[in-house]
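Protein chains in written order, with the working numbering: chain A, 213 to 506; chain B, 1295 to 1452.
Every residue, glycine too, gets a C-beta built ideally from N, C-alpha and C.
Predicted model, so just to flag it, every value in this text is computed and none were measured.
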Amino acid sequence: MMRSEIDVLTPQTLDEALNILQQRQAGLRIVAGGSDVVVQLRDGAMKAERFLNILSLKELRYIREKDDQLHIGSLTTYSDITNSQLMREHAWVLVSAAKQIGAVQLQNTATLGGNLGNASPAGDSLPPLYALDAYVVTRSKAGRRETPIEQFFVSYRKTALRPDELIEEVHFKPMNSNDRGAYLKLGLREANAISIVDVAAVLRDRSANDSFTEARVALGAVTPVITRARKSEKALEHKPLNEKILREAATFAAEDATPIDDIRGSAEYRKNVVVSLVYQALYEALYGRRKASG
Amino acid sequence: MRIERAISFKLNGQQVTVNTPPAYTLLEVLREQLHVTGPKEDCAKGECGACTVLMNGQPVCSCLVLVSQAQGAEIITSEGLLKDGRLNPVQEAFLKEGAVQCGHCIPGMIVSASALLMRNPKPSVEEIRTALSGNLCRCTGYTKIIAAVQEAAKNWSH
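If you want it as structure tokens, here you go:
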């Protein structure tokens, strides 16, 4: 189908959009900020007969705290996340990823919901959301569904989103002064580079001796879906942490990851990078951005 | 069958309406239908910034925006940064500093730099670099481009 033959439907309200999805016709694709969809469309990688343009749904663009959870509407852009005081104080791991996605132009248009829906293993907002134990809220005429983020991503580029649903928001427990976290990304350069490996680490509920009750380490761009480094996480919980333990935990991360080989890096290279990046992320989470060498 | 829709937006201060296939990009419509050729198509993937325009005051890649998504928006290209037919301080400074080599990336650079000075009239070098990190110059003439933005900041009055 020629691009000149593709129609674009632009609903003005969420309800209108959900009505369209309830009677969804074959060949309908959802577009938000467009930064992935338009590229795929022009590459010929996306077959579409019509688009549902949801960028007009202002009601899905919000950041708020409610019932001890931070809620981010699916049409929130990375610039919105970076500029939000609430995010900077209580979700800085996600802010750090948002600032490293593309460059200013992309951060102004790309949306969090788009990153979830596109489901690329190199989606940079995904490791932080895994490390924050986020829930994905989806919405249809039939109502709302909440899915833990790990179950939302089913396999390579495949999500649990149903044909009649939209992604409404994500929510997670805010990070507070007893929590630590960091996000690090390795790309070919700083701006406009797709991740070779990215890592998010969150340590919750610190006690006086640098012991934490909960650790989350998530690896992006390594496997077909984001991987939690569970053995690393176990090695970090309920014990006073020091550099030696961080190094040991980082080594375990390579065991949880069976990396892919692709144009951006070989599996062997990625395995080495995972260990280094997990160590640096944990070091930065615990001690701040200092040397992190060794 | 070819589909056309009437899309209206404000372009460089003037209200325009175009009949266009709704899944064309804003960049295609700007260049090919409205003949506003400041924004360029280079990578068509949002990686080079040559197509940068302001959409509701924010720099975006017009190659990644469907023209339908510009409905009702305010779009400003490098042409629209002129005030009363005179170059704005960024454009002046690019000339003065000789920040232009082949010139292809410059309209995008000027839009990104002007957007920076609109929200931060006294940027540090680091802030200039970050604001321009999505604009690639394949002549690699970055030194003079950064110098031009520093120069423009001296004369920026907003």
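Rounded to the nearest angstrom, how far is the Cβ of V1347 of chain B from that of V1354 of chain B, given a contact under 8 Å?
7 Å
Cβ of A405 of chain A within 7 Å of Cβ of T439 of chain A?
no
Restricting to Cα atoms, I'd like to know which of B:V1419, B:E1420, B:A1425 is closest to R1413 of chain B.
B:A1425
Please confirm whether T323 of chain A and G246 of chain A have their CB atoms less than 7 Å apart.
no
Establish whether the CB of G1428 of chain B and some CB of chain A are separated by less than 7 Å.
Using beta-carbon distances, G1428 of chain B counts as an interface residue toward chain A, with a partner under 7 Å.
Relative to chain A, which residues along the segment 1322-1340 of chain B have a C-beta separation below 7 Å, given in chain order?
Answer set for the segment 1322-1340 of chain B: A1338, K1339, G1340.
So which residues on chain A does M1295 of chain B lean against when the C-beta distance must stay under 7 Å?
E217
Classify T425 of chain A: buried if its beta carbon has 16 or more other beta carbons within 10 angstroms, exposed otherwise.
exposed
Would you tell me roughly how many angstroms separate the C-alpha atoms of R482 of chain A and S488 of chain A, rounded to the nearest one?
10 Å
Identify which residue in A:I379, A:R442, A:V251, A:A229 has its Cα closest to the Cα of E358 of chain A.
A:I379
Straight-line CA distance for M1295 of chain B to K259 of chain A?
16 Å
Applying a beta-carbon distance threshold of less than 7 Å, which residues of chain B neighbour S247 of chain A?
By Cβ distance, chain B contributes G1340, L1358.
Taking the Cβ atom as the reference point for each residue, do N265 of chain A and T222 of chain A lie within a distance shorter than 7 Å?
Against a cut-off of 7 Å, the Cβ pair of T222 of chain A and N265 of chain A comes out as a contact.
Quick check on DSSP: helix, strand or coil for S505 of chain A?
With a pLDDT of only 48 at S505 of chain A, under 50, the local geometry of the prediction cannot be trusted, and no value is derived from it.
Distance check for A354 of chain A and F364 of chain A, CA to CA, integer angstroms please.
18 Å
Please return the same chain residues whose Cβ sits closer than 7 Å to the Cβ of L1376 of chain B, not counting the five positions on each side in sequence.
N1382
Reducing DSSP to helix, strand and coil, say where A461 of chain A ends up.
If DSSP states are grouped into helix, strand and coil, A461 of chain A belongs with the helices.
So, does the CB of T1437 of chain B fall closer than 7 Å to a CB anywhere in chain A?
no
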